[in-house]
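If you're matching them up, the sequences are chains H and C in order. Going left to right, the first sequence walks through residues 21 to 134 as my numbering numbers them. Going left to right, the second sequence walks through residues 139 to 252 as my numbering numbers them.
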Amino acid sequence: DAMVIQNPRYQVTQFGKPVTLSCSQTLNHNVMYWYQQKSSQAPKLLFHYYDKDFNNEADTPDNFQSRRPNTSFCFLDIRSPGLGDAAMYLCATSRDAGLIETQYFGPGTRLLVL
Amino acid sequence: DQQVKQNSPSLSVQEGRISILNCDYTNSMFDYFLWYKKYPAEGPTFLISISSIKDKNEDGRFTVFLNKSAKHLSLHIVPSQPGDSAVYFCAARDRGGSQGNLIFGKGTKLSVKP
């Protein structure tokens, strides 16, 4: 009965080689988020989709892009991964984007850049 | 500069005793605070929240206290159980910020010893 699913759980890519991380949800939530969490750091929001509306955080590098082809799926594309992009990437969903909405997280994809 | 700070990276408590996890914040625009719990290889799961108009919220063994004047909140777990061993993240929402944006602390790893 997994609600937020992330594939793969571990991803290894080469420096500069584009990589795509996947997230799907069975909750039918309107909002999907992508967070980056580096080792011993706090998770940091990269961007989120409210339905089809894309909202980028001001300090998210251009190297990071996202697609949401339908309600259930959201992808994180890293166009040219650098060594500094190695991190855990967490996908989350919420029913709405209000102040008190709970976010539900997936297990994360750990990205390694060689 | 970190807006949400969890200054204790780890905490060890005996089973049956109280666990107190602390969190400080700097942004007076934060209006809503949440605690998430994270087990290894899983995503963070929502635990308890509190609005800035309250100073206490209780849910079973978990109580969150908010001291707005000190910009400090704490999570109390009583009694602590070995299954509570996890990383606990404090998070905050800015009423004037990006919709849905959670600002996380770095987390505190709680170990409850039998």
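Beta carbons are placed, not taken as given, at the ideal position from N, Cα and C, and that holds for glycine.
List the residues of chain H that residue i touches, going by C-beta distances under 9 angstroms, in chain order.
i: residue 198/C; result: Those within 9 angstroms of residue 198/C in chain H number zero; the least Cβ separation is about 17 angstroms.
i: residue 244/C; result: 60, 61, 62
i: residue 203/C; result: Within chain H, no residue comes near residue 203/C; the closest Cβ sits about 18 angstroms away, beyond 9 angstroms.
By the criterion of Cβ-Cβ separation under 8 angstroms, what are the contact partners of residue i in chain H?
i: residue 142/C; result: 62
Anything in chain C within Cβ reach of residue i, meaning under 9 angstroms, just list it in chain order.
i: residue 165/H; result: For residue 165/H there is no data in the structure shown, the boundaries of chain H being 21 and 134.
Would you mind sorting residue i into buried or exposed? The rule is 16 or more other CB atoms within 10 Å of its CB.
i: residue 241/C; result: buried
i: residue 67/H; result: buried
i: residue 208/C; result: exposed
i: residue 223/C; result: buried
i: residue 52/H; result: buried
With a threshold of 8 angstroms on Cβ separation, who are the neighbours of residue i within its own chain once the five nearest residues in sequence on each side are excluded?
i: residue 243/C; result: 140, 142, 143, 144, 161, 227, 228, 229
i: residue 103/H; result: 35, 133
i: residue 206/C; result: 190, 193
Find the residues of chain C that neighbour residue i, judging by a C-beta separation of less than 8 angstroms, and give them in chain order.
i: residue 56/H; result: Near residue 56/H there are no residues of chain C at all, since even the closest Cβ is about 11 angstroms away, more than 8 angstroms.
By Cβ distance, which residues of its chain are closer than 6 angstroms to residue i, with the 5 residues on each side in sequence left out?
i: residue 146/C; result: 246
i: residue 194/C; result: 203
i: residue 130/H; result: 30, 108
Kindly list, in the order they appear in chain H, the residues whose Cβ is closer than 7 angstroms to that of residue i.
i: residue 169/C; result: 119
i: residue 240/C; result: 65, 123
i: residue 231/C; result: 119
Quick one: what's got a C-beta closer than 7 angstroms to residue i's C-beta in the same chain, skipping five residues either side?
i: residue 49/H; result: 113, 114, 115
i: residue 23/H; result: 45, 46, 47, 124
i: residue 70/H; result: 50, 51, 117
Just to make sure I have the definition right: I need the residues of chain A whose C-beta is within less than 8 angstroms of the C-beta of residue i. Which are they?
i: residue 127/H; result: Of the chains in the structure shown, none is chain A; the protein chains are H and C.
### Query
Taking three-plus beta-carbon pairs below 8 angstroms as touching, is the segment 118-127 of chain H in contact with the segment 177-189 of chain C?
Yes, the segment 118-127 of chain H touches the segment 177-189 of chain C.
### chain C contacts from the segment 69-82 of chain H (Cβ-Cβ distance under 8 angstroms)
Taking 8 angstroms as the Cβ-Cβ cut-off against chain C, the residues of the segment 69-82 of chain H that qualify are 70, 75, 77.
### Query
Does the segment 71-79 of chain H come close enough to the segment 24-40 of chain H to have 3 or more Cβ pairs within less than 8 angstroms?
No, because fewer than three Cβ pairs between the segment 71-79 of chain H and the segment 24-40 of chain H fall closer than 8 angstroms, the two stretches do not touch.
### Message
With three or more C-beta pairs closer than 8 angstroms as the rule, is the segment 169-178 of chain C touching the segment 93-110 of chain H?
### Response
The segment 93-110 of chain H, when compared against the segment 169-178 of chain C, does not touch it at the 8 angstroms Cβ threshold.
### Query
Given 8 angstroms as the limit, is there contact between the segment 85-92 of chain H and the segment 152-166 of chain C, that is, 3 or more CB pairs closer than that?
Contact between the segment 85-92 of chain H and the segment 152-166 of chain C is not established, with fewer than three Cβ pairs separated by less than 8 angstroms.
#### Entry: Contacting positions in the segment 89-120 of chain H - beta carbon closer than 9 angstroms to chain C
Flagged, chain order: 110, 111, 112, 114, 116, 117, 118, 119, 120.
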